[in-house]
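Numbering (this note's numbering), first residue to last: 8 to 324. Virtual Cβ for every residue (Gly too), placed ideally from N, Cα, C. What you are looking at is a predicted structure, and each value in this text was computed from that prediction instead of being measured.
Below is the structure:
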């Protein structure tokens, strides 16, 4: 009998690098997390490879049994795998690949954009398990997305496939999006967008806003919605309106089996999901109106699960 093979998923975030070791059936056998260093030199690469050693030691398997290592990274990854665009963090992807390959010579090493990896994780083990065509929207500080068609992520030539947050939905917007554009979905439907929607409603009504902990503190705005705050509810409805319209446009291009809402703000989906569905139905082509919109189920583990799945597929499993 062939020895069992194992896969490591690495999720490189702004604050931490999370790693998980999985078997080919998707069972999580060990996890590790290290604070994200600048991943640009020997010390940074060692932080990643040492975490690999931690997870194989915890699971008590030889490093040689690791057949694939996937990395979910916060930047566009073209279909070629050769990342040209710098992420929001200090990372040298070509040299990191060499360091990992030297550390685990028997493993296939594969990169994927973090939102795409999260979508792949949901398709492997989460809310979209067994679904071949799904679009996931991740709502956090920004809005990310992953488009899966016939089981494969749509990366695109430069890796901009699935950059749902930067669809221009309001060309008359004067405020600038983080990317330099104007009127993008991210400006209205991210956690940051929900807060700016709310502050705009307060200004318009001449009302003092509730106390917020920061520019992306949507959690408190959503809590105010639950308590019946009319201005907070108007802010959430603006978010849902833009998101519903964006999903209707995506449905016209991709026609997925389902949409998934993930990311940190998906924890408050009870506040806005029904409104997103209503707006989606209003904007969608009649043929697409019944496409289900569900909440992702893997939470913070979606990235490591998806990265491991990307590695498993790259290893030909």
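{"Asked": "Beta carbon of residue 77, beta carbon of residue 314: below 8 Å?", "Found": "yes"}
{"Asked": "Quick one: complete alpha helix (DSSP H) runs, 4+ long, within the segment 203 to 263?", "Found": "225 to 233, 237 to 261"}
{"Asked": "Distance check for residue 166 and residue 120, CA to CA, integer angstroms please.", "Found": "8 Å"}
{"Asked": "Residues bridged to residue 153 by DSSP?", "Found": "143"}
{"Asked": "Going by DSSP, what residues sit across from residue 42 in a beta bridge?", "Found": "23"}
{"Asked": "Once DSSP output is grouped into helix, strand and coil, what is the label at residue 323?", "Found": "coil"}
{"Asked": "Is it buried or exposed, residue 114, if we count other Cβ atoms within 10 angstroms and call 16 or more buried?", "Found": "buried"}
{"Asked": "Shortest alpha-carbon distance to residue 13 belongs to which of 237, 33, 20, 23?", "Found": "33"}
{"Asked": "Between residue 186 and the rest of its own chain, which residues show a CB-CB distance below 7 Å, the 5 nearest in sequence each way excluded?", "Found": "173"}
{"Asked": "Nearest to residue 324 by alpha carbon, out of 149, 74, 141?", "Found": "74"}
{"Asked": "Tell me where the beta strand (DSSP E) around residue 297 begins and ends.", "Found": "Segment: none, residue 297 is in no beta strand (DSSP E) and carries neither H nor E."}
{"Asked": "What does the Cβ neighbour count give for residue 67, buried or exposed, with the cut at 16 atoms within 10 Å?", "Found": "exposed"}
{"Asked": "State the Cα-Cα distance for the pair residue 302 and residue 284, rounded to the nearest angstrom.", "Found": "12 Å"}
{"Asked": "Quick one: any contact between the segment 258 to 268 and the segment 208 to 222, if contact means 3 or more CB pairs under 8 Å?", "Found": "no"}
{"Asked": "So residue 53 and residue 41 are in contact, right, with Cβ under 8 Å, and what is the actual spacing, rounded?", "Found": "Between residue 41 and residue 53 the Cβ distance is about 10 Å, and since that is not below 8 Å, they are no contact."}
{"Asked": "Is the CB-CB distance between residue 26 and residue 311 below 8 Å?", "Found": "yes"}
{"Asked": "Between which two residues does the beta strand (DSSP E) containing residue 119 stretch?", "Found": "115 to 120"}
{"Asked": "Could you check if residue 184 is buried or exposed, using at least 16 other CB atoms within 10 Å of its CB as the buried criterion?", "Found": "buried"}
{"Asked": "Beta carbon of residue 143, beta carbon of residue 153: below 8 Å?", "Found": "yes"}
{"Asked": "Does residue 339 come out as helix, strand or coil in the three-state DSSP assignment?", "Found": "The chain is shown only over 8 to 324; residue 339 falls outside these bounds and no answer can be derived."}
{"Asked": "Provide the residue span of the alpha helix (DSSP H) that contains residue 59, from first to last.", "Found": "49 to 66"}
{"Asked": "For residue 201, which of 238, 176, 179 has the nearest alpha-carbon?", "Found": "238"}
{"Asked": "Per DSSP, residue 175 is paired with what?", "Found": "191"}
{"Asked": "Identify the residues that DSSP records as bridge partners of residue 265: which are they?", "Found": "141"}
{"Asked": "Quick one, which of 31, 11, 21, 156 has its alpha-carbon nearest residue 320's?", "Found": "31"}
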